Amino acid sequence: MDGKTCATGATHSGQWPCKLDGVGDFDDSTRCYVRLTDPQPPKSDPIWAGHTDGAIYTFACMALTNTPTTSHMEWRGSNPVNTGPTAAELAQQAFARMRLDGAKIGSAPPAGAKGLIGMPVWLWTEQTPQTWGPQSMTAAAGGLSVTVTAKVTNIAWSMGDGTTITCTKPGTPYSESLGKADSPDCGHRYTKIGNFTVTATSTWTVEWVANTGQTGTIPDTTRTSTTTARIGELQVVN
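With the sequence shown counted from 1, adding 2 to any position gets you the working numbering.
Set out below in structure tokens:
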């Protein structure tokens, strides 16, 4: 044998199956089947022994028969039986399935229409899970489950005239009843005429939490969208 006390499909005395459904995965060092305890005890439970990381695992230990004879719970900093992905790896799997888009831009004046120098320009994005968030995705393996949540924390609007404004809100859609008022949360006034390319860079913040209580982050990611602004002068007809 290879030194292990378990084997896939084993049924004979002295060697146990490496996995028992509903019981766990076999740990050679303890001769116990190990699984993530679900649900996890509250952090106030003495079983945590003051730890705030790791998780509680259930150990079903073997005698000389092919059935577990004793069961107990223990805190461990990581899974004693390395049979699957870590929480961080599951977070990356869930993140890879998420659709994070750039802003779906709205503006006043709208793209293609001419605005006037010195007059308010309103900027906003349509709010959807894909353009602003929040949106969540879950990945699971072997009793470990991780939920990833992403949301936009700001949009940096590069106005094409050397100015960048950073908006922490999605912006307010303009309506004609607002007249010549400035946007309350995301706007600009051009001081020169021209055709400008406006680039909106959305910063997505991504956090994850596991059913073990572990938490983490995935590095911020950005998405860009563009529109145009045409700015001219008010023509006075005598």
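For each residue, glycine too, the CB sits at the ideal point set by N, CA and C. Remember, predicted model here, so these are calculated numbers, not experimental data.
Whether residue i touches residue j by CB criterion (9 angstroms)
i, j, result
"Tyr59", "Arg33", "no"
"Ser138", "Thr151", "yes"
"Gly108", "Ser204", "no"
"Tyr176", "Ala110", "yes"
"Thr223", "Trp206", "yes"
"Ala93", "Gly218", "yes"
Euclidean distance between Cα positions of residue i and residue j
i, j, result
"Thr228", "Thr201", "4 angstroms"
"Ala51", "Thr140", "29 angstroms"
"Ser31", "Thr39", "19 angstroms"
"Ala231", "Lys116", "7 angstroms"
"Lys45", "His53", "8 angstroms"
"Leu22", "Tyr35", "8 angstroms"
"Val148", "Asp55", "15 angstroms"
"Gly5", "Cys63", "With a pLDDT of 45 at Gly5, under the threshold of 50, the predicted position of this residue should be treated as unreliable, and no value is reported."
"Met3", "Cys20", "Note that Met3 scores a pLDDT of 35, beneath 50, so its modelled location is shaky and nothing firm can be said."
Opening and closing residue of the beta strand (DSSP E) in which residue i lies
i, result
"Leu125", "122-127"
"Lys106", "Per DSSP, Lys106 belongs to no beta strand (DSSP E) and is neither H nor E."
"Lys153", "146-160"
"Ile49", "Looking at the DSSP string, Ile49 is not in any beta strand (DSSP E), and its letter there is neither H nor E."
"Cys34", "34-38"
"Glu209", "196-212"
"Ser227", "217-234"
Opening and closing residue of the alpha helix (DSSP H) in which residue i lies
i, result
"Leu92", "89-98"
Meets three-Cβ-pair contact criterion under 8 angstroms: the region 111-125 and the region 182-199: yes
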